[in-house]
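A.B. asks:
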Amino acid sequence: MAVEVKMPQLGLTMEEGTVSKWIKNEGDTVKVGDILLEITTDKLTSEVASEAEGTLIKIVAGEGEDVPVKGILAYIGQAGEVVGGAAPASTAAPVAAPAPKKDGKTTVAVIGGGPGGYVAAIRAAQLGGEVTLIEKNKLGGTCLNVGCIPTKVLLHSAEALAEAKEMAELGINVEVKGVDWNKVQAKKNGVTNQLVSGVSGLMKANKIKVIEGVASFASKDTLTVTKKDGTKENLTFDKIIIAAGSVPAVPPIPGVKENANCVDSTGALSFETVPKSLLVIGGGVIGIELATAYSRFGTEVTVVEAMSKLLPMMDGELTAQLRKMMEARGIKIMTDAKVQSVEAAGSATKVNVEVSGNVEAFTAEKVLVAVGRRTDTEALNLDAVGIANDRGRISVNDKMETSIANVYAIGDCLGKVMLAHVASAQGEIAAENALGEDVLYDGTTNPSCVYTDPEFAGVGLTEEKAKEMGIDFQVGKFPLMANGKSLIMNGGVGMIKFIIGKEYKEVLGVHILGPRATDLIGECALAIGMEATVEDIFATIHAHPTVTEAVREAALAAEKRAIHIPNK
Numbered sequence: 289m290a291v292e293v294k295m296p297q298l299g300l301t302m303e304e305g306t307v308s309k310w311i312k313n314e315g316d317t318v319k320v321g322d323i324l325l326e327i328t329t330d331k332l333t334s335e336v337a338s339e340a341e342g343t344l345i346k347i348v349a350g351e352g353e354d355v356p357v358k359g360i361l362a363y364i365g366q367a368g369e370v371v372g373g374a375a376p377a378s379t380a381a382p383v384a385a386p387a388p389k390k391d392g393k394t395t396v397a398v399i400g401g402g403p404g405g406y407v408a409a410i411r412a413a414q415l416g417g418e419v420t421l422i423e424k425n426k427l428g429g430t431c432l433n434v435g436c437i438p439t440k441v442l443l444h445s446a447e448a449l450a451e452a453k454e455m456a457e458l459g460i461n462v463e464v465k466g467v468d469w470n471k472v473q474a475k476k477n478g479v480t481n482q483l484v485s486g487v488s489g490l491m492k493a494n495k496i497k498v499i500e501g502v503a504s505f506a507s508k509d510t511l512t513v514t515k516k517d518g519t520k521e522n523l524t525f526d527k528i529i530i531a532a533g534s535v536p537a538v539p540p541i542p543g544v545k546e547n548a549n550c551v552d553s554t555g556a557l558s559f560e561t562v563p564k565s566l567l568v569i570g571g572g573v574i575g576i577e578l579a580t581a582y583s584r585f586g587t588e589v590t591v592v593e594a595m596s597k598l599l600p601m602m603d604g605e606l607t608a609q610l611r612k613m614m615e616a617r618g619i620k621i622m623t624d625a626k627v628q629s630v631e632a633a634g635s636a637t638k639v640n641v642e643v644s645g646n647v648e649a650f651t652a653e654k655v656l657v658a659v660g661r662r663t664d665t666e667a668l669n670l671d672a673v674g675i676a677n678d679r680g681r682i683s684v685n686d687k688m689e690t691s692i693a694n695v696y697a698i699g700d701c702l703g704k705v706m707l708a709h710v711a712s713a714q715g716e717i718a719a720e721n722a723l724g725e726d727v728l729y730d731g732t733t734n735p736s737c738v739y740t741d742p743e744f745a746g747v748g749l750t751e752e753k754a755k756e757m758g759i760d761f762q763v764g765k766f767p768l769m770a771n772g773k774s775l776i777m778n779g780g781v782g783m784i785k786f787i788i789g790k791e792y793k794e795v796l797g798v799h800i801l802g803p804r805a806t807d808l809i810g811e812c813a814l815a816i817g818m819e820a821t822v823e824d825i826f827a828t829i830h831a832h833p834t835v836t837e838a839v840r841e842a843a844l845a846a847e848k849r850a851i852h853i854p855n856k
């Protein structure tokens, strides 16, 4: 006789849970203790294990469905046992029907569950929208699953390894036995899964319906959602927010696509072992961060960049300093260099690089292709409904509105600034405008962060950009060698640099190379957003001993008022 699988009660106040993901499928053989599905409540995501042995003969509650405590989720019995029929699924899309409204609420669809999409969904729900989020893969998008977060886990592990090796300088004797790569990967996966589960919980808490599938426009207000099982559903919404994200770009280099040793950033996060050698094609943020991490793990790293400098959008002076630091640690860097082709060389890969008019061959165990990302909008059917775009890069105004009145777009799919925090900020703006507010996106305070060692962050104008714009400015610099906390943390490596308008003394830009730079940049972004002057920075008392007091010193240096270095 079939056994019922019921919604467990995970807490005294729990009344219902949401089926977030089925691990087993109908027809699968299960044993006692096998994980059947994941459920989400307001507070957490949990796994439901089988309490019986047999065959999962029927799934009653589908993914995304709310089920009360003790409600039936599925049946386990003998193969072929019948517990109730179900109509066969149809692959044809039904006639479009409006998404159900509650109390006349505005229905909102969000396409994509990354840091732009899920934030937009939450904000729209906060403003009273009836929100449906459509995600084709995993909630959290690139950032949480194969981008920002897993990369930072590798970088943190690499930093810890480097610090352990340097403990003797602090009088602490530590024996470093090497890297347990499986544990590094397990930590990365654990952090990622915890954060993704947190996003699932937020969707539940904000009463956002999540549909797993690929969305495309059937009309200006109707989406066709193709689910994993091939079934299709047409849904009509009042407002639609596109947060489709991006995917790694693959350059037209002969041999790259055919060579299994050539990987993108996703592949580089999940190597089975630490490679002995790694050649990185691309000296942007992704390439430099992963080059830094693997170099710390003991990999022989070579970086090839086609432009004349690394990190072309960052401050040139500090970028040059970072390059010297990386080279001092054994990373080989070639700029003004172009990869001509890639070919197999036994179990390794040979990369032919043109440098100064000559072609040189480099052999590496793995090749990371990190030349940037491209918009992931091909499946959306943009042109058919008249959404203006430039080869898939969606055009929007400062309200995040597309050329179609009820459709908005945010984040990487715009093809401009591909940063998670930009997507999140734009998501809030799009949601607010979709729900009747009138707000504009302003990217002036957008910081750029590179999680190298030391960290590198900047906000506002670089010195190069200020010159290009013809702005009359002055510069203040403070070397972290003169900052006590930095001296303790990393030997005082790095610098803080202010770009100040000469006439009004306003803060135009700040750039930091040093410990915790990505945290320090927040104060500087706030200063730019508030149109603060250098005097406002002077007047703010900064705690001692901290790295942040060096921010004030750099501002003082712009007016030749620095206390802890000679003013020149």
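So the mapping is simple: the working numbering equals the position in the sequence shown, first residue as 1, plus 288. The C-beta atom is built at its ideal place from N, Cα and C for all residues, glycine as well. Being a predicted model, the structure only gives us computed values, none of them experimental.
Could you check whether Ile717 and Ile692 sit closer than 8 Å to each other, using their CB atoms as the reference points?
C.D. replies: No, the pair does not count as a contact, with Cβ atoms beyond the cut-off.
A.B. asks: Leaving out five residues on either side along the sequence, give the residues of the same chain with a beta carbon under 8 Å from the beta carbon of Thr379.
C.D. replies: Low confidence applies here, because Thr379 scores a pLDDT of 44, under 50, leaving its location unreliable; read the following figure in that light. Excluding sequence neighbours, Thr379 sits near Gly518, Thr519, Lys520.
A.B. asks: By Cβ distance, which residues of its chain are closer than 7 Å to Lys545, with the 5 residues on each side in sequence left out?
C.D. replies: Val538, listed in sequence order.
A.B. asks: Straight-line CA distance for Thr740 to Arg679?
C.D. replies: Distance between the alpha carbons of Thr740 and Arg679: 33 Å.
A.B. asks: Closest by CA to Leu796, which one among Gly802, Phe786, Arg804, Pro803?
C.D. replies: Selected option, being the one with the closest Cα: Phe786.
A.B. asks: Quick check on the DSSP output: what are the complete alpha helix (DSSP H) runs of length 4 or more inside the region 401 to 480, in order along the chain?
C.D. replies: Within the region 401 to 480, the complete alpha helix (DSSP H) runs of at least 4 residues are 405 to 414, 429 to 434, 436 to 453.
A.B. asks: Quick check on DSSP: helix, strand or coil for Phe786?
C.D. replies: Three-state DSSP puts Phe786 in a strand.
A.B. asks: Compare the Cα-Cα distances from Val695 to each of Tyr729, Leu808, Leu511 and report the closest residue.
C.D. replies: Checked all of Tyr729, Leu808, Leu511; the closest Cα to Val695 is Leu511.
A.B. asks: For the structure I just gave you, are there three or more beta carbon pairs, one from the region 617 to 627 and one from the region 583 to 603, closer than 8 Å?
C.D. replies: In short, these stretches touch, since the Cβ pair count reaches three.
A.B. asks: For Val487 and Leu427, what's the separation of their Cα atoms in angstroms?
C.D. replies: Distance between the alpha carbons of Val487 and Leu427 is about 7 Å.
A.B. asks: Give the straight-line distance between the Cα atoms of Glu326 and Val307, rounded to the nearest whole angstrom.
C.D. replies: Cα-Cα distance, rounded: 6 Å.
A.B. asks: Under 8 Å between the Cβ atoms of Thr806 and Ala843?
C.D. replies: Not closer than 8 Å, so no.
A.B. asks: Starting from Cys701, trace the beta strand (DSSP E) in both directions and tell me its first and last residue.
C.D. replies: Counting along the chain, Cys701 falls outside any beta strand (DSSP E), and DSSP gives it neither H nor E.
A.B. asks: First and last residue of the alpha helix (DSSP H) that includes Leu578?
C.D. replies: Taken as a continuous stretch (DSSP letters only), the alpha helix (DSSP H) holding Leu578 covers 573 to 584.
A.B. asks: Helix, strand or coil for Val678, going by three-state DSSP, please let me know.
C.D. replies: Looking at the sequence itself, residue 678 is Asp, so the reference to Val does not match. Three-state DSSP puts Asp678 in a strand.
A.B. asks: If you draw a straight line from the C-alpha of Ser504 to the C-alpha of Glu631, how long is it?
C.D. replies: Taking the straight line joining both Cα atoms gives about 38 Å.
A.B. asks: Count Cβ pairs between the region 492 to 500 and the region 459 to 471 that sit closer than 8 Å; are there 3 or more?
C.D. replies: At 8 Å Cβ cutoff, the stretches do not touch.
A.B. asks: Classify Ser534: buried if its beta carbon has 16 or more other beta carbons within 10 angstroms, exposed otherwise.
C.D. replies: When all chains shown are included, Ser534 counts as buried.
A.B. asks: Can you tell me where the beta strand (DSSP E) with Met277 in it begins and where it stops?
C.D. replies: Since the first residue shown for the chain is 289 and the last is 856, residue 277 is missing from the structure and cannot be characterised.
A.B. asks: Pick out whichever of Pro742, Gly586, Ile853 has its Cα sitting closest to the Cα of Met613.
C.D. replies: Looking at the Cα atoms, Pro742 is the closest of the given residues.
A.B. asks: Put Ala380 into one of helix, strand or coil per three-state DSSP.
C.D. replies: Annotation note: pLDDT 48 at Ala380 (below 50); position unreliable, coordinate value reported separately. Looking at Ala380 - three-state DSSP - the assignment turns out to be coil, as it is neither helix nor strand.
A.B. asks: To the nearest whole angstrom, what separates the beta carbons of Gly731 and Val705, a pair I think is in contact under 8 Å?
C.D. replies: Correct: roughly 7 Å between the Cβ atoms.
A.B. asks: If we ignore side chains and look at the alpha-carbon of each, how far apart do Ala846 and Lys687 end up?
C.D. replies: Those two C-alpha atoms are separated by around 36 Å.
A.B. asks: So does the region 419 to 437 actually touch the region 390 to 405, counting three or more Cβ pairs closer than 8 Å?
C.D. replies: Segments in contact, yes.
A.B. asks: Once you ignore the five residues that flank Lys319 on each side, which residues in its own chain have a CB closer than 8 Å to its CB?
C.D. replies: Cβ within range, chain order: Ser338, Glu341.
A.B. asks: Skipping 5 residues on each side, what residues in its chain have a beta carbon closer than 6 Å to that of Ala820?
C.D. replies: If we look at Ala820 and ignore the five residues flanking it on each side, its Cβ neighbours are Val795.
A.B. asks: Straight-line CA distance for Lys471 to Cys436?
C.D. replies: Whole-angstrom Cα-Cα distance: 19 Å.
A.B. asks: What's the C-alpha gap between Ile816 and Glu756?
C.D. replies: The alpha-carbon atoms of Ile816 and Glu756 are separated by roughly 19 Å.
A.B. asks: Per DSSP, which one or two residues make a beta bridge with Ile800?
C.D. replies: Its beta-bridge partners are Ala745, Ile784.
A.B. asks: If I measure Cβ to Cβ from Lys294 and keep anything under 7 Å in the same chain, skipping five residues before and after, which residues do I get?
C.D. replies: Only Lys358, Gly359, Ile360, Leu361 meet the Cβ criterion.
A.B. asks: Roughly how many whole angstroms lie between the Cα atoms of Asn646 and Ala697?
C.D. replies: Between Asn646 and Ala697, the C-alpha separation is close to 45 Å.
A.B. asks: With distances taken between CB atoms, is the gap from Arg661 to Pro536 smaller than 8 Å?
C.D. replies: Cβ distance < 8 Å, so Arg661 and Pro536 count as in contact.
A.B. asks: Can you round the beta-carbon distance between Met783 and Pro803 to whole angstroms, since I take them to be within the 8 Å contact cut?
C.D. replies: Incorrect: roughly 12 Å between the Cβ atoms, too far for contact.
A.B. asks: Buried or exposed: which applies to Gly618, given that a residue is buried once 16 or more other Cβ atoms fall within 10 Å of its Cβ?
C.D. replies: By the 10 Å Cβ count, Gly618 comes out exposed.
A.B. asks: Hey, how far is the Cα of Gly866 from the Cα of Leu801?
C.D. replies: The structure shown has nothing for residue 866, since the chain only spans 289 to 856.
A.B. asks: Pick out the complete alpha helix (DSSP H) segments inside the region 689 to 741, 4 residues or longer, and give them in chain order.
C.D. replies: Listed in chain order, the complete alpha helix (DSSP H) runs (minimum 4 residues) inside the region 689 to 741 are 708 to 722.
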